[in-house]
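Participant: Sharing a structure here in structure tokens format.
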Amino acid sequence: MGITRFATMPDGSTLAPLNAFKHHQTKLARAQRKLAKKKKGSQNWKTQKQLISRLHHKIADARKDLQHKASTMLSKNHAMIVPEDLKVRNMSVSAKGSQEIPGRNVRIKAGLNPTILGQGWFEFRQQLAYKQACQDGELVLVDPKYTSQQCPHCDHRHRDNRKTQANFTCVECGFTENVDVVGAMNVLARDTA
Ligand SMILES: [Zn+2]
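Numbering (the UniProt record's numbering), first residue to last: 1 to 193.
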């Protein structure tokens, strides 16, 4: 699970990030600025409040729809799904963020606070769990610790393997790949090891 990509699979395929509704987010921010300028309790203020509420619903519905489509598609095509264990990654991050989810960057990149982002991942995982259960499939949670630092080729683990936010290059064997893909490969390998 990630920020620039909502989810990445070990084969390199991805699911679009939650900020796919950026135009909605921009509209919402503008509507909220407008509201701040209106006299609290006035008719104008109430109308603006309603508009904001409708926008919130629209964004939530679009997000849910996307997650349901993606989880159904994954569940239909895979007998076993191995996501990272979000509990381990600690989703109760404050606005300050954590090492994995720096709060400020998240807000800038996704227009979302880390808590909302975490909720999105959690909901998606729940959907995968019950859809797998319905189809007699399996869902196995894996501790994601160091999965972005370990080489899927030679198993060498070092923080220097992660060159940038997006690039992984093993200092030992030279294997190079997108960090999210490496993470997904390692998560899967941990279960089947
Ligand atoms: Zn290596």
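Cβ atoms here follow ideal geometry from the backbone N, Cα and C, with glycine treated the same way. Note that the structure is predicted; figures quoted are calculated from it, not measured.
#1: Would you check if the distance between the CB atom of Q150 and the CB atom of R162 is smaller than 7 Å?
#2: Quick one, what's near ligand 1 if you take every residue whose CB is closer than 6 Å to any heavy atom, in chain order?
#3: Using CA atoms only, rank isn't needed, just tell me which of T14, G41 and K49 is closest to V30.
#4: Under a Cβ-count criterion, where at least 16 other Cβ atoms within 10 Å of its own Cβ denotes burial, should A79 be classed as buried or exposed?
#5: Give the DSSP bridge partners of T4, in chain order.
#6: Tell me, please, which residues DSSP counts as bridged to T26.
#7: Grab me the residues of G12's own chain with a C-beta within less than 6 Å of its C-beta, minus the 5 sequence neighbours each way, in chain order.
#8: By DSSP's criteria, E177 is part of a beta bridge. Which residues make up the other side?
#9: Using a 10 Å radius around the Cβ and a threshold of 16 neighbouring Cβ atoms, would you call K131 buried or exposed?
#10: On a CA-only basis, which of T147, K34, M73 and G2 is nearest C170? Give me that one, please.
#11: Take the Cβ of K1 as the centre, count every other Cβ of all protein chains shown within 10 Å, and call the residue buried at 16 or more, exposed below.
Facilitator: Result, derived from the coordinates:
#1: Taking the sequence shown and counting its residues from 1, one reaches residue 150 at position 150. Taking the sequence shown and counting its residues from 1, one reaches residue 162 at position 162. Contact flag unset, no.
#2: C151, H153, C154, H156, C170, E172, C173 and F175
#3: For the purposes of this step, residue 30 is taken as the residue at position 30 of the sequence shown. The question names Val, but residue 30 is Arg in the sequence shown. Nearest option by C-alpha distance: K49.
#4: Walking along the sequence shown from the start, residue 79 turns up at place 79. A79 comes out exposed.
#5: Locating residue 4 in the sequence shown gives position 4, counting from the first residue. DSSP output for T4 lists no bridge partner at all.
#6: Within the sequence shown, the letter at position 26 stands for residue 26. DSSP output for T26 lists no bridge partner at all.
#7: Mapped onto the sequence shown, residue 12 falls at position 12. Closer than 6 Å at Cβ, skipping near neighbours: V181.
#8: Working through the sequence shown from its first residue, we reach residue 177 at position 177. Looking at the DSSP assignment, E177 forms a beta bridge with F168.
#9: The residue labelled residue 131 in the question sits at position 131 within the sequence shown. By the neighbour-count rule (16 or more Cβ atoms within 10 Å), K131 is buried.
#10: Taking the sequence shown and counting its residues from 1, the one referred to as residue 170 is at position 170. Closest by alpha carbon: T147.
#11: Counting from 1 along the sequence shown, the entry for residue 1 is found at position 1. One point to set straight first is that residue 1 is Met, not Lys, in the sequence displayed. It is buried - the Cβ of M1 has at least 16 other Cβ atoms within 10 Å.
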